[in-house]
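Mapped onto the numbering used here, the consecutive letters of the sequence shown carry residue numbers 12 to 252. Cβ coordinates follow ideal geometry from the N, Cα and C atoms, glycine included.
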Amino acid sequence: SLCSGHFGVVRLCRERSTGAFYAAKFLRMRRGRPGPERAQVEREVSILRQLQHPNILRLHQLFASTAEVVLVLELIRGGELFDFIAEKEMLSEEEAVEFLGQILSGVQYLHARLIAHFDLKPENIMLQDKDVPKPWIKIIDFGLAQQLQDGITYRSLCGTPQYIAPEVINYEPLSPATDMWSIGVITYILLSGLSPFQGETDAETLSNVVAGAYEFEERCFSQTSELAKDFIRQLLLKEPQ
């Protein structure tokens with residue numbers, strides 16, 4: 012077992028015909044809790060099937076029964092970007108730019124196909140291999156992703172408090188700009204090792220997000236360029252254009 016979550020477990024598997032290793036994500040299909048609704052799983056699968064990008068997790072194969080769906084996914088061994096940041100405490104601006112370029116490339120690809128991720132955070136960005144000078148990243152976990160359509164409004168109260176945009180908390184319509192807010196938070200974390208809106212409690216964190224209350228602490232941003240800070244400011248806009 013590689014890991015387990017609320018809806019199932021992820022196991023290491025090997026394809027007999029090629030000997031290649033993959034990650035098999037087992038999703039229990041129950042009508043009631045704790046399993047996900049079938050429509051949610053079908054939506055995630057439909058989105059994953061469309062995606063072919065070097066910075067996005069690739070779906071290799073799918074097996075389904077009435078009780079379970081198994082997603083055979085590209086195996087990513089380098090761990091979470093979150094853990095990589097925690098080990099280094101903070102990255103240089105040059106290192107942060109390397110990661111952000113890849114994240115933005117993947118997100119641009121999604122948005123060009125009218126797909127919004129809606130759960131971007133360092134835990135959902137994996138490293139292909141962390142023991143290299145310039146690690147390659149993969150965006151994972153499309154459980155909250157949506158295929159956007161004209162005339163349909165999307166709202167959600169799901170997400171991790173410190174990364175979600177104000178419109179999520181206020182239960183307002185979501186858009187690709189919701190992902191861009193999360194990228195602003197990720198950028199802040201990459202450069203400082205701190206979370207811009209983190210409070211003592213979830214309620215305080217959510218209040219900070221809605222108020223747009225954050226600052227660039229001198230001790231963490233003294234070596235950060237004004238250009239990088241302005242990039243964050245332009246992303247952490249409460250009412251993006």
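Check the DSSP bridge columns for residue i and list the partner residues they point to.
i	result
residue 24	33
residue 157	127
residue 91	137
residue 67	150
Out of the options, which has the shortest C-alpha to C-alpha gap to residue i?
i	options	result
residue 178	141, 220, 153	220
residue 224	209, 230, 171	209
residue 40	66, 67, 61, 81	81
residue 194	129, 30, 102	129
residue 232	84, 124, 102	102
residue 159	123, 78, 244	123
residue 109	71, 218, 174, 143	143
residue 52	218, 37, 202	37
residue 56	64, 65, 69	69
residue 48	106, 22, 77, 94	77
residue 64	120, 96, 245, 20	120
residue 50	240, 61, 154, 217	154
residue 93	75, 150, 62, 115	150
residue 100	214, 206, 244	206
residue 163	250, 125, 175, 22	125
residue 249	175, 230, 215, 229	175
residue 91	228, 152, 71	152
residue 227	61, 215, 242	242
The alpha helix (DSSP H) with residue i in it runs from where to where?
i	result
residue 246	237 to 246
residue 197	187 to 203
residue 50	49 to 61
residue 177	177 to 180
residue 224	Premise fails: residue 224 is in no alpha helix (DSSP H) and is neither H nor E.
residue 208	Here residue 208 belongs to no alpha helix (DSSP H), and DSSP marks it neither H nor E.
residue 231	229 to 232
What first and last residue would you give for the beta strand (DSSP E) that runs through residue i?
i	result
residue 137	136 to 138
residue 71	70 to 75
residue 79	79 to 85
residue 150	148 to 150
Does the Cβ-Cβ distance between residue i and residue j come in under 9 Å?
i	j	result
residue 197	residue 136	yes
residue 27	residue 156	no
residue 133	residue 200	yes
residue 104	residue 235	yes
residue 87	residue 113	no
residue 89	residue 140	yes
residue 73	residue 34	no
residue 30	residue 67	no
residue 127	residue 171	no
residue 138	residue 166	no
residue 182	residue 202	no
residue 192	residue 247	yes
residue 131	residue 180	no
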